[in-house]
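2 protein chains.
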Amino acid sequence: MSAEVVSLHPRASEPSLAPMLALTAAGMNSVNTVILDRMQSQIPLIPALAGHLISGGGKRMRPMLTIAGAELCGYHGARHHKLAAAVEFIHTATLLHDDVVDGSDLRRGKATANMVFGNPASVLVGDFLFSRAFELMVEDGSLRVLKILSHASAVIAEGEVDQLTAQRHIETSEERYLSIIGAKTAALFAAATRIAAVVAERSEAEERALEDYGRNLGIAFQLVDDAIDYDSEAAESGKGKGDDFRDGKMTLPVILAYARGDAVERRFWQDAIAGFANSDDDLAHAVELIHRHDTVNATRERARHFVQRAIGAIAGFPAGEARAAMAEAAEFAVARRY
Amino acid sequence: MSAEVVSLHPRASEPSLAPMLALTAAGMNSVNTVILDRMQSQIPLIPALAGHLISGGGKRMRPMLTIAGAELCGYHGARHHKLAAAVEFIHTATLLHDDVVDGSDLRRGKATANMVFGNPASVLVGDFLFSRAFELMVEDGSLRVLKILSHASAVIAEGEVDQLTAQRHIETSEERYLSIIGAKTAALFAAATRIAAVVAERSEAEERALEDYGRNLGIAFQLVDDAIDYDSEAAESGKGKGDDFRDGKMTLPVILAYARGDAVERRFWQDAIAGFANSDDDLAHAVELIHRHDTVNATRERARHFVQRAIGAIAGFPAGEARAAMAEAAEFAVARRY
Numbered sequence: 158m159s160a161e162v163v164s165l166h167p168r169a170s171e172p173s174l175a176p177m178l179a180l181t182a183a184g185m186n187s188v189n190t191v192i193l194d195r196m197q198s199q200i201p202l203i204p205a206l207a208g209h210l211i212s213g214g215g216k217r218m219r220p221m222l223t224i225a226g227a228e229l230c231g232y233h234g235a236r237h238h239k240l241a242a243a244v245e246f247i248h249t250a251t252l253l254h255d256d257v258v259d260g261s262d263l264r265r266g267k268a269t270a271n272m273v274f275g276n277p278a279s280v281l282v283g284d285f286l287f288s289r290a291f292e293l294m295v296e297d298g299s300l301r302v303l304k305i306l307s308h309a310s311a312v313i314a315e316g317e318v319d320q321l322t323a324q325r326h327i328e329t330s331e332e333r334y335l336s337i338i339g340a341k342t343a344a345l346f347a348a349a350t351r352i353a354a355v356v357a358e359r360s361e362a363e364e365r366a367l368e369d370y371g372r373n374l375g376i377a378f379q380l381v382d383d384a385i386d387y388d389s390e391a392a393e394s395g396k397g398k399g400d401d402f403r404d405g406k407m408t409l410p411v412i413l414a415y416a417r418g419d420a421v422e423r424r425f426w427q428d429a430i431a432g433f434a435n436s437d438d439d440l441a442h443a444v445e446l447i448h449r450h451d452t453v454n455a456t457r458e459r460a461r462h463f464v465q466r467a468i469g470a471i472a473g474f475p476a477g478e479a480r481a482a483m484a485e486a487a488e489f490a491v492a493r494r495y
Numbered sequence: 158m159s160a161e162v163v164s165l166h167p168r169a170s171e172p173s174l175a176p177m178l179a180l181t182a183a184g185m186n187s188v189n190t191v192i193l194d195r196m197q198s199q200i201p202l203i204p205a206l207a208g209h210l211i212s213g214g215g216k217r218m219r220p221m222l223t224i225a226g227a228e229l230c231g232y233h234g235a236r237h238h239k240l241a242a243a244v245e246f247i248h249t250a251t252l253l254h255d256d257v258v259d260g261s262d263l264r265r266g267k268a269t270a271n272m273v274f275g276n277p278a279s280v281l282v283g284d285f286l287f288s289r290a291f292e293l294m295v296e297d298g299s300l301r302v303l304k305i306l307s308h309a310s311a312v313i314a315e316g317e318v319d320q321l322t323a324q325r326h327i328e329t330s331e332e333r334y335l336s337i338i339g340a341k342t343a344a345l346f347a348a349a350t351r352i353a354a355v356v357a358e359r360s361e362a363e364e365r366a367l368e369d370y371g372r373n374l375g376i377a378f379q380l381v382d383d384a385i386d387y388d389s390e391a392a393e394s395g396k397g398k399g400d401d402f403r404d405g406k407m408t409l410p411v412i413l414a415y416a417r418g419d420a421v422e423r424r425f426w427q428d429a430i431a432g433f434a435n436s437d438d439d440l441a442h443a444v445e446l447i448h449r450h451d452t453v454n455a456t457r458e459r460a461r462h463f464v465q466r467a468i469g470a471i472a473g474f475p476a477g478e479a480r481a482a483m484a485e486a487a488e489f490a491v492a493r494r495y
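So the protein lines, in turn, are chains A and B.
Heads up, the first sequence is in the numbering used here, so the first residue is 158 and it goes up one at a time.
Heads up, the second sequence is in the numbering used here, so the first residue is 158 and it goes up one at a time.
In structure tokens:
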């Protein structure tokens, strides 16, 4: 366990996802049944392609957060199973489209769906899953949930377009980066946790508290993802190492290394992000510069800040298994090395 | 005016879209305001790309059908303006994704958005418009409309995937082709007209009648589109001439020419659809074979059959300006040469 995490939240051992998995095990069984049932179609390519990604070892963080949030709210119904599946379908649709947009060939250590089935099928099956997500929400029948998730979906797309616009632009600010990840990643985390309070019919304040937990956790999660892509000590992340670098994506480790670099280093970053220096040697040099300026750790430090805020957001809920599991899951998300 | 159209519906002149345009002019003004307002975003690339297609000379057939359907139902409110805009956003999203899927470079006589802005931006802005469509529906607040349009969206995606699976497969049957166009094209026409009856709070039977009008018109519309792609007499369709041929898409003119051809011709079609014979000379030969077996006219004949059904579907509504305009618009859709 790293010293920083200890200082924030004294704990006898490394933070673990185990309490979260235990808390949500029964609920996630139901969610997985809905997912497998509702990704079916008369068109065989649809479940084949969707299943490639859905069965591909994802952690299903987002639906798990909906289930955990419902536990925190003391909800004992079953509505959230369908809605959690809808959240995962929206997430899966964005992953399918992201991999097409980035031309990615590896995700979670496996060939991407676009590599196996082609870009056209990935685009269209993403559209199918997105539509199916809305069908699930309509079946549930809450306009409030529909509003939260349709808005989140629009915000996600805006964040993705914004990221595309920022790509290969070395002058991207930390503020803009935070705005991008707040949209492309944290909006769905926030919606996933907020809808738990909606189905549990809790107060607006509690909705906001759960939303804040999700949003801050989502930002932390993305910061750590972006740190890992340059972390020479990290285990393989399951996506192609150095993808962000080769794609010229402006993530916080780069933004900080550029800000802290001297004129020669800044020149290197300008060339690299513009796409003129992206060999394996260039990547190694980038990792070295990032190590020199300690920006992976600085990025993780920022993530810990957001995790603190996430944990603080649910402090008003009663202490118990659910709150403890959600707090530890947040710490786990930021301490992870893969 | 062709003899066939006269035999179905005696009319003094060529069928025209003018009565439909007059009927829906005021409503479409309101719809266009919603479209322009709601395609905006803080991310400048979104309205730029969306506007490229939305302002690109489309006829806005689908929202126009919603407006016309509402007129037919005697609806005097304003709810359908937002919903018609949602229908157009769904349609625009599918066009953006289709052009990426097909690698198209021309639509409505202009460079496609993917050619101007790139595939990644087209995929993501499509996702944005799709999400925005659902936000508009949620604002309206009818779960029934949400159900109809979320289901239509899933069916459209299934139809697109099915078409992708059938591509380059010469053995595609007429039945499967009709199933594909029923999903990829007619489902949205059917939903667009059905929701007019929903907002007007008409009976289930009237909902079904308007849905049948839309579905049959949508099938006819796609049949004519597919005929035009091989119609040597037709004016430029605005999309790249012979695109379907080069993409190996199995449309009715080809399915019928293959069925009616001798062994040598069938061999040619097998090679062509598989992608081994797709030069300009091959396209010219394909057009000649289609002319020899008269399958463009046979396809148009099928379209006229569906238009008859569309017109028949609304026969139970009171005679008047709306019903006459919708009937003539259906005839126009099938008589058009571009």
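Note that beta-carbon positions come from the ideal geometry of N, C-alpha and C, so glycine has one too.
The model shown is predicted, which means the values in this text are computed figures rather than measured ones.
Under 7 angstroms from the C-beta of residue 261 of chain B: neighbouring residues of chain A: Ordered by position in chain A, no residue passes the 7 angstroms Cβ test against residue 261 of chain B, which lies about 12 angstroms from the chain.
DSSP three-state assignment for residue 229 of chain B, whether helix, strand or coil: Here residue 229 of chain B sits in helix by DSSP.
Which listed residue (A:259, A:240 and A:277) has its alpha carbon closest to that of residue 257 of chain B: A:277
One or two residues paired with residue 267 of chain A in a DSSP bridge: A:264
Assigned exposure category for residue 421 of chain B - 16 Cβ within 10 Å defines buried: exposed
Boundaries (first-last residue) of the alpha helix (DSSP H) holding residue 370 of chain A: 361-385
Where the stretch 285-296 of chain A meets chain B: residues whose CB sits under 7 angstroms from a CB there: When CB distances to chain B are screened at a threshold of 7 angstroms, the residues of the stretch 285-296 of chain A falling below it are 285, 287, 288, 289, 291, 292 and 295, in chain order.
Contact set between the stretch 296-309 of chain A and chain B, restricted to residues whose Cβ is under 7 angstroms from the partner: Going along the stretch 296-309 of chain A in chain order, one finds 298, 300, 303, 304, 307 and 308 with a Cβ nearer than 7 angstroms to chain B.
Residues of the stretch 307-326 of chain A whose Cβ lies closer than 7 angstroms to any Cβ of chain B, in chain order: Within the stretch 307-326 of chain A, the qualifying residues are 307, 308, 310, 311, 314, 315, 317, 318, 319, 321 and 322.
Cβ-Cβ distance between residue 483 of chain B and residue 178 of chain B below 8 angstroms: no
Option nearest residue 412 of chain B by Cα separation, candidates B:404, B:403, B:434 and B:447: B:447
Any 3 or more C-beta pairs closer than 8 angstroms across the stretch 205-221 of chain B and the stretch 262-274 of chain B: yes
Meets three-Cβ-pair contact criterion under 8 angstroms: the stretch 328-335 of chain A and the stretch 309-321 of chain B: Too few Cβ pairs lie closer than 8 angstroms, so no.
Cβ distance (whole Å) where residue 426 of chain A is taken to contact residue 414 of chain A below 8 angstroms: 7 angstroms
Cutoff 6 angstroms; reference residue 344 of chain A; Cβ partners in own chain excluding five residues on either side: 309, 312 and 313
C-alpha gap between residue 450 of chain A and residue 444 of chain A, whole angstroms: 10 angstroms
Selection of the stretch 243-275 of chain A by Cβ proximity to chain B, strictly under 7 angstroms: 254, 257 and 258
Amino acids of chain B, ordered along the chain, whose beta-carbon sits closer than 7 angstroms to that of residue 278 of chain A: 318 and 321
Buried/exposed call for residue 199 of chain B, threshold 16 Cβ in 10 Å: exposed
Where residue 200 of chain B meets chain A, residues with beta-carbon distance less than 8 angstroms: Residues of chain A with a Cβ closer than 8 angstroms to the Cβ of residue 200 of chain B are, in chain order, 315, 318, 319 and 322.
Residue burial classification, residue 392 of chain A (beta-carbon count within 10 angstroms, cutoff 16): With a pLDDT of 45 at residue 392 of chain A, under the threshold of 50, the modelled position of this residue cannot be trusted; read the value that follows with caution. Within a 10 Å sphere around the beta-carbon of residue 392 of chain A sit fewer than 16 other beta-carbons, which makes this residue exposed.
Residues in the stretch 420-435 of chain B having any Cβ partner in chain A nearer than 8 angstroms: Listed by position, the residues of the stretch 420-435 of chain B near chain A (Cβ gap below 8 angstroms) amount to none.
CA-to-CA distance, residue 288 of chain B to residue 339 of chain A, given in whole angstroms: 17 angstroms
Minimum C-alpha distance to residue 454 of chain A - residue among A:437, A:384, A:283 and A:465: Selection A:437, A:384, A:283 and A:465 evaluated against residue 454 of chain A yields A:384 as nearest (Cα-Cα).
C-beta neighbour in chain A for residue 203 of chain B, strict 8 angstroms: yes
Cβ of residue 381 of chain A within 8 angstroms of any chain B Cβ: no
Cβ-Cβ distance between residue 501 of chain A and residue 400 of chain A below 8 angstroms: No answer is possible for residue 501 of chain A: it lies beyond the span of chain A, which begins at 158 and ends at 495.
Residue span of the alpha helix (DSSP H) that contains residue 285 of chain A, given as start and end: 276-297
Cα-Cα separation between residue 300 of chain B and residue 359 of chain B, rounded to whole angstroms: 16 angstroms
beta-carbon residue 488 of chain A near the ligand NAP non-hydrogen atom, thresh 7 angstroms: For the ligand NAP, the structure offers nothing, since it holds no ligand at all.
Cα-Cα separation between residue 457 of chain A and residue 172 of chain A, rounded to whole angstroms: C-alpha separation (whole angstroms): 15 angstroms.
Chain-ordered residues of the stretch 212-239 of chain B with a beta carbon less than 8 angstroms from chain A: Residues passing the 8 angstroms Cβ filter: none.
Three-state secondary structure assigned by DSSP to residue 353 of chain A: helix
Chain A within 8 angstroms of residue 356 of chain B, Cβ atoms only: no
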